[in-house]
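Quick notes on the structure that follows.
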Amino acid sequence: MASESYGIALGMIETRGLVPAIEAADAMTKAAEVRLIGREFVGGGYVTVLVRGETGAVNAAVRAGADACERVGDGLVAAHIIARPHREVEPILNRTLPAAAD
2 MASESYGIAL GMIETRGLVP AIEAADAMTK AAEVRLIGRE FVGGGYVTVL
52 VRGETGAVNA AVRAGADACE RVGDGLVAAH IIARPHREVE PILNRTLPAA
102 AD
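Each residue of the sequence shown is one higher than the last, beginning at 2 in my numbering.
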């Protein structure tokens, strides 16, 4: 997976609670052609949702996800995009739990 996703943008949204995370994930996947690659339960009720895709699509998806998360309440902690993550970041991404079984 590392070689095929190298250079593909990464979008991340961190939330307080599962409901805002699900709302953000739903909005991101509906807003743009991105792939939901995982979610991470960070602890203390924090959840991070990750998507991959072309930079423009990830940018639009993260914006939509952050907006949706804010509509649910004050669950949005952070939203960030990395246009081309370095290949050494890939092992960290591979540790995240899958979002859904294929």
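Glycine is no exception: its CB is placed at the ideal position from the N, C-alpha and C atoms.
**OP:** Indicate the three-state DSSP secondary structure (helix, strand or coil) for ALA69 in the structure shown.
**Re:** helix
Original post:
Relative to the C-alpha of LEU11, which residue among ALA79, GLY66, MET29, LEU51 is closest?
Top reply: LEU51
Original post:
Looking at C-alpha atoms only, which residue of ALA61, THR49, ARG88 is the closest neighbour of GLU15?
Top reply: THR49
**OP:** On the DSSP bridge assignment, give the partners of THR49 in chain order.
**Re:** GLU15, GLU41
**OP:** Ignore the nearest five residues each way along the sequence and tell me which others in ILE83's own chain have a CB closer than 6 Å to its CB.
**Re:** Same-chain partners within the cutoff: LEU11.
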